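Here is the structure we will look at.
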Amino acid sequence: MSTAPAAPTPKVMPECWGHRGASSRFPENTLASFEAAIRDGAEGIESDVHVSVDDVVIMFHDPSLDRVTDGAGLIREKLWYGEGEMHTLRTVKEPRQSLATFEETINLLMKPENRHVKFNVDVKVQNKPAHLFALMHKTISAQPEWETALAPRILLGLWHPSFLPHAKTHLPYCRRSYIGQSIPTARKYFWDDCDVFSIMFSTLAMADGVKFRKDCKAAGKKVMAWTVNDPEHMVEAVRWGIDVIITDTTKTWLDLRSALQADYDTIAAQHSRMFYWTRLEFYTPIQMLLRRRDHMYLEGYAGPFRKFDTVEPLPLVA
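In my numbering, the protein residues as written are 38 to 355.
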């Protein structure tokens, strides 16, 4: 008696998290961008935080306003409220939008239709973590049922180990992730305190990245890859077993994911792996330069990398 061959085990597809929202189509880190990513079907959104002089937490990537808005200057030196202040600014990119605050973003995520959406908060190293996290807690804890309906959805992304004790002290209910492009840094300073590792895509392609992915899987830790906008990279992330793809192009990944779920072998075969040899970012010397540049930048704001077991003040940056 013959038996039919067993059906192939379906691939587990990475989640889609919008990098600064659906930022390929809308101005980054705006409510319009976040809403577009959610409407596309993204399981999460990613954004960045800085704090104004009058203690408003703003969703913004750069420490200065110049690149993205019709304003100028460092956010930490600017007011949010007041005539001509940051709440009046608009994005340069069309459709022009006002800047978003952390409170507005939380309110968006607490709408009944959005309560499934996760929120990756990229904590920029220019912040004073104790102050920032206290302000964030005030906003989070003001929401009804925040401990069950909101806190489990927030992921704190940390670049420097000095931020870890502050996160554990002020936002102990939030999951934590390491963000960066250094596998040695992830292992040495963040492994014990983080359940998620958000790593630059090209870093995960290197030999130490391959081993790190395997070790994370064995330890039950999640791996997120950023910023993955190329369909070839998206398919490769699926091959790797990545848990989350962080992308500017949410609709591209979601459409491709649907196609892969319908016919994985055919669709995957259409996407080349030649990028490993044709793009400089996948060569070891370039990787080493990027890591060194990143490390020096972070130390310039938060001091030397070392183990931080207790909350300590950060160095003052001029």
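Backbone N, C-alpha and C fix where the C-beta goes; we use that ideal spot for every residue, glycine too. On a predicted model such as this, the values are computed, not experimentally measured, just so you know.
Tell me which same chain residues have a C-beta within less than 6 Å of the C-beta of residue i, skipping the five on either side of it?
i, result
"Pro45", "Residue placement at Pro45 is poorly supported in this model, since its pLDDT is 48, which falls under 50; the coordinates still yield a value, given next. Around Pro45: no qualifying Cβ."
So, for residue i: in the same chain, excluding its five sequence neighbours on each side, which residues have a beta-carbon less than 8 Å away from its beta-carbon?
i, result
"Arg133", "Pro64, Arg127"
"Ser39", "Its pLDDT being 38, under 50, Ser39 is placed unreliably in this model, and the coordinates cannot settle the point."
"Ala109", "Ser101, Leu102, Asp103"
"Glu72", "Gly58, Leu145"
Determine the burial state of residue i: buried for a count of at least 16 other Cβ atoms within 10 Å of its Cβ, exposed for fewer.
i, result
"Leu317", "exposed"
"Thr138", "buried"
"Gln218", "buried"
"Trp314", "exposed"
"Glu150", "exposed"
"Glu273", "buried"
"Gly246", "buried"
"Asp92", "exposed"
"Ala79", "buried"
"Pro51", "buried"
Would you mind giving the Cβ-Cβ distance between residue i and residue j, rounded to the nearest angstrom? I have them listed as a contact below 8 Å.
i, j, result
"Val2", "Leu169", "No answer is possible for residue 2: it lies beyond the span of the chain, which begins at 38 and ends at 355."
"Arg152", "Ala188", "No, Arg152 and Ala188 are not in contact; Cβ-Cβ is about 12 Å, not under 8 Å."
"His203", "Ala167", "5 Å"
"Asp99", "Val129", "At roughly 12 Å, the Cβ-Cβ gap does not stay under 8 Å, so Asp99 and Val129 are not in contact."
"Ile216", "Ser235", "5 Å"
Alpha carbon to alpha carbon, how far is residue j from residue i? Give it in angstroms, no decimals.
i, j, result
"Ala43", "Gly58", "Confidence is the limiting factor: at Ala43 the pLDDT is only 41, short of 50, which leaves the residue's position unreliable and the question unanswerable from this model."
"Trp117", "Ala179", "20 Å"
"Ile279", "Val260", "6 Å"
"Asp292", "Thr264", "17 Å"
"Cys253", "Lys225", "14 Å"
"Gln324", "Ala262", "16 Å"
"Phe345", "Asp302", "47 Å"
"Lys251", "Ser135", "42 Å"
"Trp54", "Met237", "14 Å"
"Met147", "Glu336", "36 Å"
"Glu131", "Asp229", "43 Å"
"Pro268", "Glu120", "45 Å"
"Glu122", "Val105", "15 Å"
"Ala355", "Pro341", "No answer about Ala355 holds up, because its pLDDT of 44 lies below 50 and its placement is not dependable."
* To do: Specify whether the region 143-159 and the region 71-87 touch according to this definition: at least 3 beta carbon pairs, one from each stretch, less than 8 Å apart.
  => yes
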